[in-house]
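J.: Can you keep this structure in mind? I'll have questions shortly.
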Amino acid sequence: MARMSEKKTKPVLGQSRPKANSAWQNLFAQHQETAVDSLLRLLLEPLASLLTWAVIAIALALPLTLILLLQNLQQIGSGLDQVSNISLFMVPEVTAQTLDETLRDISVRTDVAAAELITSEQALQEFEQNSGFGEALQGLDTNPLPAVILVTPAATSQPAVEALHAELAANPNVEYAQLDLAWLQRLNAIVEFASRMATLLALMLGAGVILVIGNTVRLAIENRRAEIVVIKLVGGTDAYVSRPFLYTGLWYGVGGGLLAVLLISLVMFGLQGPVSRLVGVYDSNFSLIGLGISNSCLVLMVAGFLGWFGAWISVLRHLRAIEPR
Amino acid sequence: MIKFDDVSKRYPGGHEALSHIDFHLGRGELAFLTGHSGAGKSTLLKLIMHMELASSGQVIVNGQNLNKLKRRQVPFYRRNIGLVFQDHQLLFDRTVYDNVALPLLIAGYEPREAARRVRAALDKVGLLHKENQNPIALSSGEQQRVGIARAVVNKPLLLLADEPTGNLDPELSAEIMELFEQFSSVGVTVLIASHDLSLISRLEHRMLVLDHGRLLPVGQE
Ligand SMILES: Nc1ncnc2c1ncn2[C@@H]1O[C@H](COP(=O)(O)OP(=O)(O)OP(=O)(O)O)[C@@H](O)[C@H]1O
Ligand SMILES: [Mg+2]
């Protein structure tokens with residue numbers, strides 16, 4: 006139609022292009038028009054919309070990044086699960102001879118697969134190289150690091166390893182026997198706790214997103230009050246009047262979700278380097294797991310839903326209250 | 154078409170805007186509703202529009218008892234009524250065409266049919282050549298006529314107008330009234346609230362005269 010191209014005014018509430026020919030097609034076309042129109046309205050005020058999108062994106066990205074990092078941490082944990090080592094920290098005054106004897110005694114045990122001695126000198130050397138505190142340590146006149154015997158148990162079952170740990174700990178030359186499994190369990194417990202917190206945070210911020218969108222949609226409703234009154238007087242149903250606002254909420258959500266996915270990808274990309282350097286000590290070919298395509302789609306869908314839901318609450322509360330008087 | 158049966162309307166403040174109104178308006182009839190300011194003219198129209206509900210008595214429009222209308226039925230009921238406002242209530246964010254097309258869009262008209270009807274309605278009020286303009290660029294008489302086009306585009310059974318000539322000069326007012334007479338002659342029931350006595354007394358139509366919420370038993374009944 007010629008008039009469509011001639012139009013210079015702003016897009017309108019629920020405008021329909023003349024093209025469909027059945028009632029359903031007509032309704033579909035109306036939805037399509039309303040969806041496009043709602044999006045255009047947001048794009049016509051780019052600054053305000055971007056601000057809302059940014060708020061939503063941050064609220065979504067924060068807990069999601071946290072959850073993603075924790076998942077990565079769990080991944081590292083599970084990778085270490087098979088190798089449960091026992092580190093025997095020897096008493097400081099132990100002689101080199103006693104060390105050798107102890108090492109030999111442990112090595113010949115049938116429940117030990119391998120045992121390796123790291124003397125206090127070796128430990129110091131390694132520490133100086135890796136930690137960057139070398140100069141500080143040079144100031145000390147005695148070596149503060151104890152000798153360590155690294156024991157790899159033959160068995161992998163937890164009770165067997167724990168029994169071995171108890172026996173080795175009883176050796177009077179051993180100051181402290183650390184079962185790496187215990188450390189792992191603690192890590193897992195911490196990760197689990199942190200995951201719970203992150204989920205809680207996600208729920209709270211998700212509720213925040215709903216409220217932000219609800220409030221933004223309330224303002225949009227307020228701005229179009231006159232239009233709503235006229236539409237109600239010429240026979241617009243509640244569904245018809247609400248539709249553009251529900252789409253507005255949907256677009257706020259989807260836009261915020263898109264920005265959140267972008268934000269998360271950026272953060273993960275930025276962390277990739279430092280994290281693999283940090284983790285490389287344990288696992289040489291480690292790489293951070295990102296959001297992935299399917300999870301990104303999920304984020305968009307959830308964000309869209311949150312937006313729609315926030316708008317729906319707002320519509321329910323505020324739109325019905327607008328009645329022609 | 155419209156039947157008021159002992160209708161009273163008391164506003165929340167306690168003021169009784171209408172008391173014991175009884176009248177009947179037949180199909181295709183045209184009547185003027187007059188009375189002093191505050192007599193209850195707008196209130197009576199609002200009752201017909203289901204914008205307000207009667208405090209007592211029955212309002213029956215086209216066989217439908219408005220007291221029994223459910224909330225979700227109201228929009229469909231209103232689609233049978235064209236309403237012309239004193240302040241026209243046009244939307245300035247869209248063209249004249251889109252303003253007039255609004256009721257058809259809402260009712261889900263097939264677009265080609267909608268376009269045909271919009272053009273017919275605009276033609277009827279003599280504004281077809283302004284369809285692509287923004288209503289803000291029109292004179293008040295033209296704006297009022299766009300409002301009328303929007304009210305009749307749906308081919309309503311009933312046309313209500315609240316002070317449709319309120320701020321128009323006598324010549325324009327007479328033109329607008331002529332339009333209403335034409336709709337009435339094709340079977341639309343028309344009820345016009347107006348206190349422009351000099352104008353409506355010249356037109357020989359039924360008059361409903363309100364005085365402090367009561368219907369006076371005078372006029373050309
Ligand atoms: N929403 C309302 N709440 C309370 N009182 C109202 C309300 N609307 C109208 N009234 C009162 O009801 C009475 C009738 O008002 P109405 O608007 O129907 O008069 P009217 O005949 O249309 O007057 P006018 O010619 O000035 O438009 C008035 O006294 C008015 O103050
Ligand atoms: Mg009035």
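If you're matching them up, the sequences are chains Z and E in order.
At position 100 of the first sequence (counting the first as 1) the number is 105 in the numbering used here, and the numbers step up by one without a gap.
At position 212 of the second sequence (counting the first as 1) the number is 365 in the numbering used here, and the numbers step up by one without a gap.
We treat Cβ as the ideally placed atom computed from N, Cα and C, and that holds for glycine.
Please read these numbers as outputs of a predicted model, since none were measured by experiment.
#1: How would you call Z/Pro164, buried or exposed, if buried means at least 16 neighbouring beta carbons within 10 angstroms?
#2: Looking only at DSSP bridge pairs, what is E/Arg359 linked to?
#3: Leaving out five residues before and five after Z/Leu2 in sequence, what residues of the same chain have Cβ atoms less than 8 Å from its Cβ?
#4: Under 8 Å by Cβ, that's how I've got E/Val160 and E/Leu178 pegged, so tell me the actual separation to the nearest angstrom.
#5: Please write down, chain order preserved, every residue whose beta carbon lies under 7 Å from a heavy atom of ligand 4.
#6: Following a CB-centred definition, is E/Pro165 positioned closer than 8 Å to any heavy atom of ligand 1?
#7: Return no unless some Cβ of chain Z is closer than 9 Å to the Cβ of E/Leu244.
#8: In terms of alpha-carbon separation, which member of Z/Val272, Z/Gly144 and Z/Trp256 lies closest to Z/Gly219?
#9: So, for Z/Pro16: in the same chain, excluding its five sequence neighbours on each side, which residues have a beta-carbon less than 7 Å away from its beta-carbon?
#10: Looking only at C-alpha atoms, which of Z/Ala231, Z/Ala28, Z/Asn193 and Z/Leu184 sits nearest to Z/Pro80?
#11: List the endpoints of the continuous alpha helix (DSSP H) containing E/Ile259.
#12: Can you find a C-beta in chain E that's less than 9 Å from the C-beta of Z/Arg201?
#13: Along chain Z, in chain order, which residues have C-beta atoms closer than 8 Å to that of E/Ala260?
#14: So, helix, strand or coil for E/Val278, using DSSP?
#15: Would you say the beta carbon of E/Leu361 is closer than 8 Å to some non-hydrogen atom of ligand 1?
#16: Below 8 Å, is the gap between the Cβ of E/Leu197 and the nearest heavy atom of ligand 1?
#17: Over the uninterrupted beta strand (DSSP E) stretch that includes Z/Ser89, give me the two end residues.
#18: So is the beta-carbon of E/Arg367 under 8 Å away from any non-hydrogen atom of ligand 1?
#19: To the nearest angstrom, how far is it from the Cα of Z/Arg322 to the Cα of E/Leu219?
#20: Report yes if the C-beta distance between E/His348 and E/Ala184 is below 9 Å; otherwise report no.
#21: What residues are listed by DSSP as bridge partners for E/Gln217?
#22: Kindly indicate if chain E contains any beta-carbon less than 9 Å away from that of Z/Pro249.
#23: Quick check: is the beta carbon of Z/Glu328 nearer than 9 Å to any beta carbon in chain E?
#24: Going straight from the alpha carbon of Z/Val217 to that of Z/Gly315, what length do you get?
#25: Between Z/Ala53 and chain E, is any beta-carbon pair separated by less than 9 Å?
#26: Is there a Cβ from chain E that is less than 9 Å from the Cβ of Z/Glu227?
#27: Helix, strand or coil: how does DSSP classify E/Tyr164 here?
#28: Using the Cα positions of Z/Glu331 and Z/Gln190, report the straight-line distance between them to the nearest angstrom.
#29: Shorter than 9 Å from the beta carbon of E/Glu316 to some beta carbon of chain Z?
#30: Quick one: grab the DSSP three-state call for Z/Lys237.
#31: Quick check on E/Arg231: buried or exposed, where buried means 16 or more other Cβ atoms within 10 Å of its Cβ?
#32: DSSP on E/Ser209, reduced to helix/strand/coil?
#33: Comparing the CB of E/Ser208 with every heavy atom of ligand 1, is any distance shorter than 8 Å?
#34: In chain order, what residues of the segment 190-204 of chain E put their CB closer than 9 Å to some CB of chain Z?
#35: Mind checking which residues open and close the alpha helix (DSSP H) that includes E/Ala304?
#36: Express the C-alpha separation of Z/Asp243 and Z/Arg325 in angstroms, rounding to a whole number.
T.: So, from the data block:
#1: Here residue 164 of chain Z refers to the residue found at position 159 when the first sequence is read from its first residue. Here Z/Pro164 is exposed, its C-beta having fewer than 16 other C-beta atoms within 10 Å.
#2: In the second sequence, the residue the question calls residue 359 of chain E occupies position 206. Paired residue(s): E/Ala184.
#3: Because chain Z spans 6 through 330 in this model, residue 2 of chain Z falls outside it and cannot be assessed.
#4: Within the second sequence, the letter at position 7 stands for residue 160 of chain E. Within the second sequence, the letter at position 25 stands for residue 178 of chain E. With a Cβ gap of about 13 Å, E/Val160 and E/Leu178 do not count as contacting.
#5: Summarising the ligand content, the structure contains ligand 1 and ligand 2 and does not contain ligand 4.
#6: Translated into the one-based positions of the second sequence, residue 165 of chain E becomes position 12. The answer is yes for E/Pro165.
#7: In the second sequence, counting from the first residue as 1, residue 244 of chain E sits at position 91. Yes, E/Leu244 counts as interfacial toward chain Z.
#8: Counted from its first residue, the first sequence places residue 219 of chain Z at position 214. Looking at the Cα atoms, Z/Trp256 is the closest of the given residues.
#9: Along the first sequence, one-based indexing puts residue 16 of chain Z at 11. Per-residue confidence for Z/Pro16 stands at a pLDDT of 37, beneath the threshold of 50, marking its modelled position as unreliable; the derived number appears in the next sentence. So the qualifying residues of the chain are Asp42, Leu45 and Arg46.
#10: Here the question's residue 80 of chain Z lines up with position 75 in the first sequence. Just to set this straight, residue 80 of chain Z is Gln in the shown sequence, not Pro. Minimum Cα distance to Z/Gln80 is reached at Z/Asn193.
#11: Position 106 of the second sequence, counting from 1, holds the residue named residue 259 of chain E. Annotation for E/Ile259: the continuous alpha helix (DSSP H) segment containing it runs Val249 to Ile259.
#12: By one-based count along the first sequence, residue 201 of chain Z stands at place 196. With 9 Å as the cut-off, Z/Arg201 does not count as an interface residue toward chain E.
#13: Position 107 of the second sequence, counted from the start, is the residue given in the question as residue 260 of chain E. Within 8 Å Cβ-Cβ: Gly240.
#14: As a working mapping, residue 278 of chain E is identified with position 125 in the second sequence. Under the three-state reduction of DSSP output, E/Val278 falls in the coil class, being neither helix nor strand.
#15: As a first step, residue 361 of chain E is located in the second sequence; it is residue number 208 there, counting from the start. False, no ligand heavy atom lies under 8 Å from that Cβ.
#16: By one-based count along the second sequence, residue 197 of chain E stands at place 44. E/Leu197 has its CB nearer than 8 Å to a heavy atom of ligand 1.
#17: Locating residue 89 of chain Z in the first sequence gives position 84, where the first residue counts as 1. Segment: none, Z/Ser89 is in no beta strand (DSSP E) and carries neither H nor E.
#18: Counted from its first residue, the second sequence places residue 367 of chain E at position 214. Incorrect: E/Arg367 has no Cβ contact closer than 8 Å to ligand 1.
#19: As a working mapping, residue 322 of chain Z is identified with position 317 in the first sequence. As a working mapping, residue 219 of chain E is identified with position 66 in the second sequence. Between Z/Arg322 and E/Leu219, the C-alpha separation is close to 25 Å.
#20: The residue you call residue 348 of chain E lines up with position 195 of the second sequence. The residue you call residue 184 of chain E lines up with position 31 of the second sequence. The beta carbons of E/His348 and E/Ala184 sit no closer together than 9 Å.
#21: The residue you call residue 217 of chain E lines up with position 64 of the second sequence. E/Val214.
#22: Here residue 249 of chain Z is taken as the residue at index 244 of the first sequence, counted from 1. Not an interface residue.
#23: Residue numbering aside, residue 328 of chain Z sits at position 323 when the first sequence is read from its first letter. Residue-level contact check: Z/Glu328 touches chain E, since one or more beta carbons of chain E fall below 9 Å from its beta carbon.
#24: One-based indexing of the first sequence puts residue 217 of chain Z at position 212. One-based indexing of the first sequence puts residue 315 of chain Z at position 310. Going by the C-alpha atoms only, they are around 8 Å apart.
#25: Numbered from 1 along the first sequence, position 48 holds the residue referred to as residue 53 of chain Z. Not an interface residue.
#26: Counted from its first residue, the first sequence places residue 227 of chain Z at position 222. Taking a beta-carbon distance threshold of 9 Å, Z/Glu227 does not count as an interface residue toward chain E.
#27: Walking along the second sequence from the start, residue 164 of chain E turns up at place 11. E/Tyr164 sits in coil when the DSSP states are folded into three classes, being neither helix nor strand.
#28: Residue 331 of chain Z cannot be examined here, being either before or after the span of chain Z that is shown, 6 to 330.
#29: Translated into positions along the second sequence, residue 316 of chain E becomes position 163. So no, E/Glu316 is outside the interface.
#30: Working through the first sequence from its first residue, we reach residue 237 of chain Z at position 232. The DSSP-derived three-state label of Z/Lys237 is helix.
#31: The residue labelled residue 231 of chain E in the question sits at position 78 within the second sequence. The residue is buried, with at least 16 neighbouring Cβ atoms inside 10 Å.
#32: Residue numbering aside, residue 209 of chain E sits at position 56 when the second sequence is read from its first letter. Annotated three-state conformation of E/Ser209 is strand, per DSSP.
#33: To locate residue 208 of chain E, count along the second sequence from 1; it is residue 55. Relative to the non-hydrogen atoms of ligand 1, the Cβ of E/Ser208 never comes closer than 8 Å to any of them.
#34: Of all residues in the segment 190-204 of chain E, the ones placed with a Cβ closer than 9 Å to any Cβ belonging to chain Z are Lys199, Met202 and Met204, in chain order.
#35: Position 151 of the second sequence, counted from the start, is the residue given in the question as residue 304 of chain E. Counting along the chain, the alpha helix (DSSP H) containing E/Ala304 begins and ends at Ser293 to Val305.
#36: For the purposes of this step, residue 325 of chain Z is taken as residue 320 along the first sequence, with counting starting at 1. For the purposes of this step, residue 243 of chain Z is taken as residue 238 along the first sequence, with counting starting at 1. When rounded, the distance between both Cα atoms is 8 Å.
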